[in-house]
Structures are given as C-alpha cells and as structure tokens.
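Reading through the structure tokens given below for one structure.
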Amino acid sequence: MKVSRKWLQTYFEEELPSIEVLAEKITFHAFEIEEIVGDMLDVKVLPDRASYALSHLGIAREIGAILGLRLIRDPLSAKLEPQKISSNRIHITIEDTARCTRYIGTLLEGVTVGPSPLWLKEALESVGSRSINNIVDATNYVMLNLGQPLHAYDAKKLTANKGGEYSIVVRNAHEGERVTTLSGEEYALTRSTLLITDGNEKTSIGIAGVKGGNLAQVDETTTSILIEAAHFTPEGIRKTSQILKLWTDASLRFQNKLSPELAGYAMQDVVNLIREISGGEVVASNDVYEVGDEKVPPVEVTLKKINSVLGSQYNVEVVVEALMRLSLGYMVANEKFTVLVPFYRKDLCIPEDIVEEVGRILGYEAIQPLPLPPLTETPDQNMFRAIEKIKDFLIERGFSEISTQSFSSTGDIILLNPLQKDMPALRMSLVDNMKETLRKATLLAPRVLGTKNQLALFEIGAVFNKDRESRALALGYTPLSGKKTGKVLEDVQHALFIAFENIGIVSASTDEILEITFSEEWLAHLSHEAPPKKVRLGMYRPFSVYPFALRDIAVWTPGGSDVSEVTHIIQKEAGDLFARVDLFDTFEKDGRISLAFRLVLESFERTLTEADIDGVMQKITQKLAATGGFEVR
Amino acid sequence: MPEGRLHPISVATREIADIFSRMGFGVANGPELEDEWHNFDALNVPAEHPARDMQDTFWTTEQPRRLPRTHTSPVQIRFMEEQSKKGILPPFRIIVPGKVFRNEATDATHEAQFYQNEGLAVGEGISLAHLKGTLNQFFKEYLGSEAKVRFRPSFFPFTEPSVEIDVWFEPIGKEGRWLEVMGGGMVHPSVLENAGVDSTKYQGFAFGGGIERLLMVKHGINDIRNFHNGDIRFVYGFQEEKTTKS
C-alpha cells in the first residue's frame, strides 16, 4: 500500500515527523516498509490487517496510535442512514446473495468530465497512480483514502427502460461468456465469475469486484454516471482473480474481508467529491443490503493474560492507554478488559489479538528477554544423532557429504505444478543424483581434490514412492586413476552393517553406487545416542563459474630444497589466476631432487585463453630459472 | 583415504541441535511430503485464505492431493498430536531442522528447496519474553557474544502475536548490522487445540527460519543455489576443523 506523507497529514493537526521517522515507527509497531521514495512510503500490509489498512485512513489510524496523536477527522465515525432517493429509477437485482452482500447504485446527472484539480492529480500521483479524469480520479481517491473500491459507469451507455428505469443485475457469468475490460483485454469466463450486468440489455459491464468493462466506460462525452459501491465476499473474488490471473486494487481489497458497512461511507464521500469537482446532482440512489454486517462481538481479555503472553508487567493504566491510542472502546472491571471492536477491525476476534495490539503499540523492545525454566528430563535427540553418527562414520572413511534436489524426471509421486517440466516427480531413489554428481565431480576433481586419486561421496535424504516416504543413504565411489573400483563400497557396506545393526536394507548396488534404505524399526528404537562430532567451518572461498585449466610443471631442486619455496613462487607468479597447486611426484637423481606439481588456474571474470595460460607459465618458468639452484625440466 | 567433508547444512544443524539441547530442546522429525491438514489446516491457514498465497506451494496429482511441505511447522502439529495420543502433557520443547519446498523462481538468494529450523516450546506461562531470551542465547552462541535479537510486528496464521525476528550480527572486521532471520510468535490457540493441547492451560512460542541464510551470513556464502546442486566445489570451499569434544 503506497501512502504519501502529505495525504496522511490531512488527518492530523500536529506536523507529522519526517518520512524516515514515520517509516521507522511503522516498522517497529505495525508493518514492514518495502520502500521509501521521496514523500511516499510503500507499506507491506499483511492479510490480517488488510481489511482496514489498505487505505490512507487505516495507515493514519496506525500512526495516530503509535505516536499518540488524535485524528482530526474520522470519516467512519458518523452513523449513516441508508440513502434511497427515487430508488425506483435504479433497479438492483443480486442473484448470488452469498457472493454480493450489498450493492449501492447512485445516479448523478449533469456532470462535466474533465481534468482533475491539481490537488487531486498530485495526491494520486504521489502514490504512483495515474490521473485519468475527474470522475475516475474521484473513485480512485476515495478507494485509496477509505479502502472501499468504487466504480463509475456512463449511464448513457446503459439502457433505461420506458419508465426511465436502469437495471443492474449481479449474476454469475454464463459458461464461455466474454467480457472486455476497461484496459481492452478480453476474458472468456466460467460460471464461477460474478458479473455486473445491464439488466435491460443483458450485457456485462464489469467483472464484479475486480475490474470494470469497456461497454459503459466514462469518457469526455459522459454527462450522467451511475456509481457503484458494493461488497463482494472474499472467497469468490480470490477465486476469480486466480482463474483470470487478474489482480487489481479492487480485488486485493475485497479479498481481505472488508466490512460491507464501508460501502455506504465511501458512496457518501465519492458523491460529495464528484459534485465538488465535476458538478452534477444526485437524481436517484438505491441500496440493496439485506443481510447487514456481521456484528463483531466484544473481545474479553484479562490483564493477567496480556502479561502472561507478552512476559510483561504492565498495569491496567498502561493497557488502557494503548487501547485509547488505538481508538478501541473498552470497559474494565477487576483487571478484565472488554474491548469493543469497531466494524472495520475484522481482525480482532480472540484475546490474543488484543494482546498483540497492546504488545506492539507499547513496543516489543520493552519486552525483557527471559531464559526458559530448566527441565528435569533430557531432551530426545536420538534419531538425529544416530543419523549424524552414520555421517561421521563415513567421513572418517574418506567420504564427503553432498546434497541434491528432491525433484526427478521419473517417480510415483508426480507434481501438478513442477518448477521444471522435465523434473515433474519426487525422487524414488538417490542413485540417479549420485551418478550425476560423480560424473560432474570427476571433471572437477583436479580443482577440488588436487592429485588425490579417488572420489568418495555420500548423501542422506528422503525418497518417495506411492506407499511411503523413507530415508536413504547413497554412497558413490570412483577411482580417478581409471583402475578398478575394487572392494571399497563392499567393505564400507560390511562395516556399516556391523557398526549399525538393523540399519536397513540395500536398495541399490552397482560398481560405483550403493544405496541403503533405513528401516523404520531402527530409526524408531534408538536411545542414548551420543552427540555427533562438532565441525567448525571457516569462511567460504567462492569458486569461479568459468572452467579451470591444468598445467604440470617439474623442477630440479638442489637436495633438501623446500617444496613450499617452489609452491610459493608458483602461487605468486600465477597471481589472480592461481587456484591451487599440488605436488604429485618426487624423485632423486645425481644429488638433485625433481619435484612435479600440478597447477590449477582459473579466472573469476572469463574463460582462460591459451595466451593467458602460456603467459603465466612463462612467468613462473622465468622466475624459477632466475632463482638459484632451480631448473625447470 | 583422508577424511571427507561434512555438508555445511549438517555442520550448522549439529551446532543448532547442540545449543538447543542445552536449553532442553529435543529434535523432532516429520515427512517431507505432507498432507494438507498438517501443512495448512491444522496451522490455522484455512482454504481460500489469502495467507495461503504467502507460500507458493507445489501440489501432487494425487487424490487427495498432498504437497512437499512448505515449512517445518507441520511437525509442530505431528509432535503435539503424538504426545497427546500418548497422554503426555507439556512442557514440550523441540526443534525441527528439515527440508522445505517453495514454488518460486530461483536466484542467488532464493531456492525452491532449502532447509528450515523450527522451534517450539509449550508449557504453562511460556511467553514472548521467553522467545526473546531463548533466541538471544542461541544467537550469542551461534553468531558471537555481541548478537542480540529484536522483534517487529508481523503476521502468520499459526501465531498470535506474530513477530519478525532480526538479529544483530557483527562479521569479523566489518560493521554490525541487523539481519532478518526468522519469523515467530506465540502459538495460536487454535493450533494448540488442533493438535490436542488445552489452550486454556498451556501456551507457547514457535519460530522458524532458513538454515542456508544463517550459513550465508556467517561464512560469507554468495549463492544459495550451491547448497543442493551436488557440486563438490561447495563442500570443499571451507576451511574446516573438527573437535570430538561434546
């Protein structure tokens, strides 16, 4: 919800603090602020408070409560009488009274459509809204001010019957019925969409609660208008927006449980504003409001409850001050509050809701941290620890842990809306991911493992079939030298089944991959598990997304020469392109020692060219050659 | 063979479990493929409620449909249901580290699959002040002695009051800053009742937040997508030090 400081200021006599201070106050007492642009705040109004706070009035109420300032006007405080003026001129039929609980139509004649006055243009533009003409702007302004969506139709484009009577019918769309919106998009509808229609012509003039149609659009020739202030129930609007993928300022508000009472206030304000800026007179008004608003019952909460939930020591006076700042009526007896909830605060239903109001207005910073009381029983971490123990067992044997995606190309459990079309299922096994990880890891091994000649990996994760979800362990092993795998996996499997009796069953086994699915029995009957090893990680050194390059370099050194002296020179001369260097061969001949290194080069900015690599190798060779006693082979 | 490497998520989870065990928290588990009741309904997120839009959900094609859980909170319900069934009364204290799924576009700070750690403490007179005390203690041990938390008002259907939780973090050699790391609040009475716990007698706090995010700030990791793509460069991208002491 975008709000402007200038607009909010119209609710207060005292000068409001700067936009930055307002933003901070709102952040710590009400809502997150998404953005501050000049005089504008973009307030992130979450669903619970959206019924009253998607409006300048709602945000002004919050600011008043936080800063302890009184609103100089409250547009919703006066009692409204239903306005029915020559109501026979506007016939209103609501076919689906479950989805439309109120419809007010007001007919104004003699309006002059034109540009809006400067103040109105500026107000709309200050919150990122575009000025269109004085009629449309007036409906938008009142919506942004009070939170009630409104719509104006050109009455001349509607059809009056012989008696001069207009007919508005709120009905479900016919299957396949089409409607074109104000902005020109055409939608094919299903029966679940509620429409506003011209009952005399049987044509649709708007998608109820979402967007007006183009048939009765107000333009510069318009002289009489029919204004709509209605109430549509949240579920229907939400469904329509989802089906049509059409979310508007109006649908957003109706989705969030507005009070139908609001429509009356908004109609009064918009009629007054239009008469002021476009002229015209009300010639007819009708209000179909059969059911009335759901009464919000008072909420009872004790001082004890407030303090027990917040962990505070507030007294009655402090709580009373918070309620008064929130303009909530209350009665208090024996430290028990009965809070009277205004019709627009649909969010206040249970004692905890009042606790939250008191807590946030008085400020969560006032809550003093308290340690939990000690417990006598030892906490149960057995299953977690047992699985971590398996990891420690494997790590001691040289296996490294990896983590992969749970989505798969095939499986029993298929997703309706997968992230990637080629990965529509939940994995039934860890084997495919392990295979792929081994393949990629083989290519990356020189960069990661240097000249270490084997790759040993494992993953523990959930796997899914149509009957159950299980936890599995996959082991992957590749001798990078190209030699046979040997018995590595077989040995580990053997050791695992000895160390962890009844751990599970072997669910897959190849030369390179072993998968064990843990048994539920085993997981359910663990006790007295010791905590796993603690591992401390240092800072992360990111890797380049560009390919690395490998070069071998062999150096004759005088006997007893230090390896680190050579690696130091290599690292220094390779500069930014240095990734790692590993000694992979040493032999002695004629009192000299030959050291062979594998050097890994990479750049964080680009793929290395032959020229880059040759340049580095040349620098290294020259430097080594210039160092006493070294000779590059 | 030289010793292998432990995945950073495991490293963090061990440390988290260790710190919380000293405050009396067990570790609970639940399925990654959840039913709608545990993931949404029991957590006070009714069907056709805008709050459901806050969490983009993958659905299965099954009848009735299930979902890869969007948060670890369903384990709150499962745990309390189980205790209630066994006739075990609060106090309850658990953490739930586990994988969760969100149907959203991925980038350097968003992944469709990530790990969360959930916390739940239910008992008599457990308050928001206890939540603050517990998390202060956790972050002091996890991030450093200067760490502390602050609360901002928020909304989650399963807590009332609800708060966003920021932590003050001073990276070595850098200026301190507030980081948004968790959501939490006081468990909504309907949630307690849905799980068979008498909400007139017991109350409690709950919190939840991403584990990757904590690791990213603590160790300077630049891209969340590296965690779960099986790239061995990631696991080997840290200096590591082991201690057997517990």
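Residue numbers (my numbering), protein chains in the order written: chain G, 466 to 1098; chain A, 1265 to 1510. Heads up, the beta-carbon is just placed ideally off N, CA and C, and yes, glycines get one too. Computed from a prediction, not measured in an experiment: that's the story for all the values here.
(request) Determine, using beta-carbon pairs with one atom in the stretch 1356 to 1373 of chain A and one in the stretch 801 to 817 of chain G, whether at least three such pairs fall under 8 Å. (result) no
(message) Need the endpoints of the alpha helix (DSSP H) that G1080 (chain G) sits in, please.
(response) Taking the first residue of the first sequence as 1, we reach residue 1080 (chain G) at position 615. Taken as a continuous stretch (DSSP letters only), the alpha helix (DSSP H) holding G1080 (chain G) covers E1075 to A1091.
(request) For G1449 (chain A), I'd like the list of residues in its chain whose CB is within less than 6 Å of its CB, leaving aside the five on either flank, ordered along the chain. (result) By one-based count along the second sequence, residue 1449 (chain A) stands at place 185. Around G1449 (chain A): T1423, P1425, S1426 and V1427.
(request) Compute the Euclidean distance between the alpha carbons of E479 (chain G) and L534 (chain G), then round it to the nearest angstrom. (result) Your numbering for residue 479 (chain G) matches position 14 in the first sequence. Your numbering for residue 534 (chain G) matches position 69 in the first sequence. Taking the straight line joining both Cα atoms gives about 8 Å.
(request) Within the same chain, show all residues whose beta-carbon is closer than 6 Å to that of A617 (chain G), passing over the 5 residues directly before and after it, in chain order. (result) In the first sequence, the residue the question calls residue 617 (chain G) occupies position 152. The residues are I600, T604, V683, I690 and I692.
(message) With a threshold of 8 Å, are at least 3 pairs of Cβ atoms found where one atom belongs to the stretch 790 to 802 of chain G and the other to the stretch 837 to 856 of chain G?
(response) no
(message) If you follow the alpha helix (DSSP H) that D1495 (chain A) is in, where does it begin and where does it stop?
(response) Mapped onto the second sequence, residue 1495 (chain A) falls at position 231. From DSSP, D1495 (chain A) is part of no alpha helix (DSSP H); its letter is neither H nor E.
(request) With DSSP collapsed to three states, give me the class of E650 (chain G). (result) Along the first sequence, one-based indexing puts residue 650 (chain G) at 185. Coil, per DSSP.
(message) Just to confirm, is the Cβ distance from I484 (chain G) to T492 (chain G) under 7 Å?
(response) Working through the first sequence from its first residue, we reach residue 484 (chain G) at position 19. Working through the first sequence from its first residue, we reach residue 492 (chain G) at position 27. Result no, Cβ atoms of I484 (chain G) and T492 (chain G) do not sit closer than 7 Å.
(request) Could you tell me if E560 (chain G) is buried or exposed, where buried requires 16 or more neighbouring beta carbons within 10 angstroms of its beta carbon? (result) Here residue 560 (chain G) is taken as the residue at index 95 of the first sequence, counted from 1. Per the 10 Å Cβ criterion, exposed.
(message) Strictly by DSSP, which residues pair up with D752 (chain G)?
(response) Residue mapping note: residue 752 (chain G) aligns to position 287 of the first sequence, counting from 1. Beta-bridge pairing links D752 (chain G) to G:I569.
(message) Quick check on the DSSP output: what are the complete alpha helix (DSSP H) runs of length 4 or more inside the stretch 754 to 796 of chain G, in order along the chain?
(response) 768 to 775 and 781 to 790
(message) So H494 (chain G) contacts chain A; which residues on that side make the cut at Cβ distance below 9 Å?
(response) Indexing the first sequence from 1 puts residue 494 (chain G) at position 29. Per Cβ cutoff of 9 Å: R1416 and P1417.
(request) Pick out the complete beta strand (DSSP E) segments inside the stretch 617 to 669 of chain G, 3 residues or longer, and give them in chain order. (result) 631 to 637, 643 to 645, 651 to 653 and 659 to 663
(message) Tell me which residues share the same chain as S1510 (chain A) and place their Cβ nearer than 7 Å to its Cβ, disregarding the 5 neighbours each side in the sequence.
(response) As a first step, residue 1510 (chain A) must be located in the second sequence, where it is residue number 246. Low confidence applies here, because S1510 (chain A) scores a pLDDT of 39, under 50, leaving its location unreliable and the question unanswered by this model.
(request) State the CB to CB distance for the pair L615 (chain G) and A731 (chain G), rounded to an integer number of angstroms; the pair is presumed to be in contact (CB under 8 Å). (result) As a position in the first sequence, residue 615 (chain G) is number 150, starting the count at 1. As a position in the first sequence, residue 731 (chain G) is number 266, starting the count at 1. That belief holds up - the Cβ atoms of L615 (chain G) and A731 (chain G) are roughly 6 Å apart, short of 8 Å.
(request) Identify which residue in A:K1363, A:Q1327, A:E1439 and A:D1282 has its Cα closest to the Cα of G1474 (chain A). (result) Along the second sequence, read from residue 1 onward, the residue named residue 1474 (chain A) stands at position 210. With distances taken between Cα atoms, G1474 (chain A) lies closest to A:K1363.
(request) Can you tell me which of the three DSSP states P1453 (chain A) falls into? (result) For the purposes of this step, residue 1453 (chain A) is taken as the residue at position 189 of the second sequence. Here P1453 (chain A) sits in helix by DSSP.
(message) According to DSSP, Q919 (chain G) sits in a beta bridge with which residue or residues?
(response) As a position in the first sequence, residue 919 (chain G) is number 454, starting the count at 1. Paired residue(s): G:P944.
(request) Taking T902 (chain G) as the query, report the chain A residues whose CB atoms sit under 7 Å from its CB, ordered along the chain. (result) What you label residue 902 (chain G) is simply residue 437 of the first sequence in a count that begins at 1. What T902 (chain G) touches in chain A: G1494.
(request) Determine which residues share a DSSP beta bridge with T1423 (chain A) and list them. (result) If you number the second sequence from 1, residue 1423 (chain A) lands on position 159. Its beta-bridge partners are A:F1420 and A:V1451.
(request) Run down chain A in chain order and give the residues with a C-beta less than 9 Å from the C-beta of A653 (chain G). (result) Within the first sequence, residue 653 (chain G) is the residue found at index 188, counting from 1. In chain order: nothing, as chain A lies at least about 23 Å away.
(message) Which same chain residues end up closer than 7 Å to K1482 (chain A) when comparing Cβ atoms and leaving out the 5 residues on each side of it in sequence?
(response) Position 218 of the second sequence, counted from the start, is the residue given in the question as residue 1482 (chain A). Taken in chain order, the residues that qualify are L1407.
(request) Measure the alpha-carbon distance for F1043 (chain G) versus W1432 (chain A) and round it to whole angstroms. (result) Your numbering for residue 1043 (chain G) matches position 578 in the first sequence. Your numbering for residue 1432 (chain A) matches position 168 in the second sequence. The straight-line gap from Cα to Cα measures roughly 36 Å.
(message) C565 (chain G) and V635 (chain G) - do their beta-carbons sit closer together than 7 Å?
(response) If you number the first sequence from 1, residue 635 (chain G) lands on position 170. If you number the first sequence from 1, residue 565 (chain G) lands on position 100. Result yes, Cβ atoms of V635 (chain G) and C565 (chain G) sit closer than 7 Å.
(request) Compute the Euclidean distance between the alpha carbons of P996 (chain G) and T1398 (chain A), then round it to the nearest angstrom. (result) One-based indexing of the first sequence puts residue 996 (chain G) at position 531. One-based indexing of the second sequence puts residue 1398 (chain A) at position 134. Those two C-alpha atoms are separated by around 21 Å.
(request) Work out the CA separation of I1085 (chain G) and I1035 (chain G) for me, nearest whole Å. (result) Numbered from its first residue, the first sequence carries residue 1035 (chain G) at position 570. Numbered from its first residue, the first sequence carries residue 1085 (chain G) at position 620. Cα to Cα, the separation comes out at about 6 Å.
(message) For a contact defined as C-beta to C-beta under 7 Å, what are the partners of L1270 (chain A) on chain G?
(response) Numbered from its first residue, the second sequence carries residue 1270 (chain A) at position 6. What L1270 (chain A) touches in chain G: K856, I860, E866 and V1000.
(message) Taking the alpha-carbon of S992 (chain G) as reference, which of A:V1291, A:R1269, A:H1302 and A:V1275 has the nearest alpha-carbon?
(response) Locating residue 992 (chain G) in the first sequence gives position 527, counting from the first residue. The candidate whose alpha carbon is nearest that of S992 (chain G) is A:V1291.
(message) I'd like to know whether the C-beta of Y1466 (chain A) is nearer than 7 Å to at least one C-beta of chain G.
(response) As a position in the second sequence, residue 1466 (chain A) is number 202, starting the count at 1. Not an interface residue.
(message) Here's the rule I'm using: 16 or more other beta-carbon atoms within 10 Å means buried, otherwise exposed. How should T1328 (chain A) be labelled?
(response) For the purposes of this step, residue 1328 (chain A) is identified with residue 64 of the second sequence, where counting begins at 1. Looking at the sequence shown, residue 1328 (chain A) is not Thr but Pro. Answer is exposed; the Cβ neighbour count stays below 16.
(message) Is the separation between the beta-carbon of Q870 (chain G) and that of H1492 (chain A) shorter than 7 Å?
(response) In the first sequence, the residue the question calls residue 870 (chain G) occupies position 405. In the second sequence, the residue the question calls residue 1492 (chain A) occupies position 228. In contact: Q870 (chain G) and H1492 (chain A) (Cβ atoms closer than 7 Å).
(message) Which residue wins for smallest C-alpha separation from Y942 (chain G), given the options G:P580, G:Q919, G:A1019 and G:P482?
(response) One-based indexing of the first sequence puts residue 942 (chain G) at position 477. Here the closest residue by C-alpha is G:Q919.
(request) Closer than 8 Å by beta-carbon distance: list the chain A residues that pair up with S871 (chain G), in chain order. (result) Translated into the one-based positions of the first sequence, residue 871 (chain G) becomes position 406. Ordered by position in chain A, the residues that pass the 8 Å Cβ test against S871 (chain G) are E1296, P1332, K1363, F1365 and Q1377.
(request) Could you say if the stretch 761 to 778 of chain G and the stretch 817 to 824 of chain G meet the contact criterion of at least three C-beta pairs nearer than 8 Å? (result) yes
(request) Could you work out which residue in G:L1066, G:F1062 and G:R850 is closest to P1361 (chain A) when comparing CA atoms only? (result) To locate residue 1361 (chain A), count along the second sequence from 1; it is residue 97. Of the listed residues, the one whose Cα sits closest to P1361 (chain A) is G:R850.
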